[in-house]
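I have placed the structure first, in the form of structure tokens, so that the comments after it can refer back to it.
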Amino acid sequence: MDSPGELRVLLRAATAKDSDLIVPMLQREGIETKACSTPDDILGEMAAGAGALIIAEEVVQHPAFAGVMAALQAQPDWSDLPVIVLARTGADSPAIAKLMEALAGSVTVLERPMRVASFVSAARAALASRKRQYVLRTTLEGLREADQRKTEFLATLAHELRNPLAPVRTALAVLMTKELDPAQSRRFFEMMNRQVDHMARLIDDLLEVARITRGKIALQIHPVDLVEVVRDAAD
């Protein structure tokens with residue numbers, strides 16, 4: 018689940034005065050906002066978590082913004098941090114065009130000066146988009162965890178399936194190469210029967226492997242005869 022800090026807005030306005038106006042305005046609307054003074058500040062705050070990035074056109078044009086651009090392009094598969102660019106009036110900015118091309122549909126451009134309602138609406142839409150990304154992240158993490166549990170279970174099961182084969186093979190080799198009396202033969206047959214029963218239980222667990230992905234494994238706990246345990250180990 019996303020934390021409150023992951024839904025905050027990072028702001029780098031054109032001037033400190035603009036930041037002093039925008040931050041209280043967004044916070045009055047219940048939108049947590051963090052003003053950043055430099056591109057390095059933006060990078061540090063992005064690493065800590067962000068719901069959207071609001072930047073002025075002048076910041077996009079600054080050479081130091083290249084580090085932020087690289088970080089935006091290096092996001093995980095689930096992440097597409099929404100970016101709102103506050104553009105100057107009537108200016109076609111090559112820097113904004115480049116940003117929009119690099120980040121596809123995650124960039125929204127608002128021309129200054131802008132209506133407060135439009136600005137707040139854009140910020141809320143960006144955060145709503147980010148929330149959906151966090152849902153996707155949680156789903157992917159759940160799938161990875163389920164896959165890891167299944168892999169660990171299958172690895173353990175494969176190891177356990179190999180264990181009964183050794184005594185069964187040994188017993189078969191003895192029965193095929195030596196003449197044994199009925200009592201001796203019965204001992205080997207009983208041992209093979211125990212091992213086959215054990216393998217059958219393991220295979221039954223394998224057939225119900227779907228339970229592993231839901232974390233529903235029922236352990237059958239009951240007392241055992243230590244003599245039988247030692248005998249099986251000796252076999």
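Residue 70 in our numbering sits at position 53 of the sequence shown; the count goes up by one each step and never skips. Even for Gly, the Cβ is constructed at its ideal location relative to N, Cα and C.
Check, Outcome
"Give a yes or no on whether the C-beta atoms belonging to Thr-106 and Glu-128 are separated by under 8 Å.", "yes"
"Unbroken alpha helix (DSSP H) runs of length 4 or more, entirely within the segment 61-133: which are they?", "74-78, 83-90, 111-120"
"Would you mind sorting Ser-36 into buried or exposed? The rule is 16 or more other CB atoms within 10 Å of its CB.", "buried"
"Whole angstroms is fine: what's the gap from Asn-210's alpha carbon to Val-244's?", "17 Å"
"Are the Cβ atoms of Leu-24 and Glu-49 separated by less than 8 Å?", "yes"
"Could you check which residue in Asp-94, Gln-212, Val-133 has the C-alpha nearest to that of Arg-179?", "Gln-212"
"Looking only at C-alpha atoms, which of Ala-104, Thr-55, Asp-97 sits nearest to Ala-83?", "Thr-55"
"What is the DSSP secondary structure of Arg-25, counted as helix, strand or coil?", "coil"
"What residue does the beta strand (DSSP E) around Ala-52 start on, and which one ends it?", "50-52"
"Would you kindly report the start and end of the unbroken alpha helix (DSSP H) that includes Lys-207?", "The amino acid at residue 207 is misidentified as Lys; the sequence shows Glu. Taken as a continuous stretch (DSSP letters only), the alpha helix (DSSP H) holding Glu-207 covers 199-224."
"What do you reckon, are the CB atoms on Val-26 and Ala-88 nearer than 8 Å?", "no"
"Could you pull the start and end residues of the alpha helix (DSSP H) that Val-247 belongs to?", "243-251"
"Quick check on DSSP: helix, strand or coil for Lys-195?", "coil"
"Does the segment 117-137 touch the segment 94-106, meaning 3 or more C-beta pairs lie closer than 8 Å?", "yes"
"Expressed to the nearest angstrom, what Euclidean distance is found between the alpha-carbon atoms of Pro-240 and Arg-147?", "53 Å"
"Output yes or no for whether 8 Å exceeds the beta carbon distance between Val-102 and Ile-72.", "yes"
"Could you tell me whether the Cβ atoms of Ala-112 and Gln-90 are closer together than 8 Å?", "no"
"Are Leu-224 and Ala-140 touching if we call contact CB-CB under 8 Å?", "no"
"Can you give me the Cβ contacts of Val-133 inside the same chain, cut-off strictly under 8 Å, excluding the 5 residues immediately before and after it?", "Met-42"
"Please name the residue in Phe-136, Ala-190, Leu-174 whose C-alpha comes closest to that of Leu-219.", "Leu-174"
"When the Cα of Met-131 is compared with those of Val-185, Gln-92, Leu-38, which residue comes out closest?", "Leu-38"
"When burial is assigned at 16 or more other CB atoms within 10 Å of the CB, is Arg-29 buried or exposed?", "buried"
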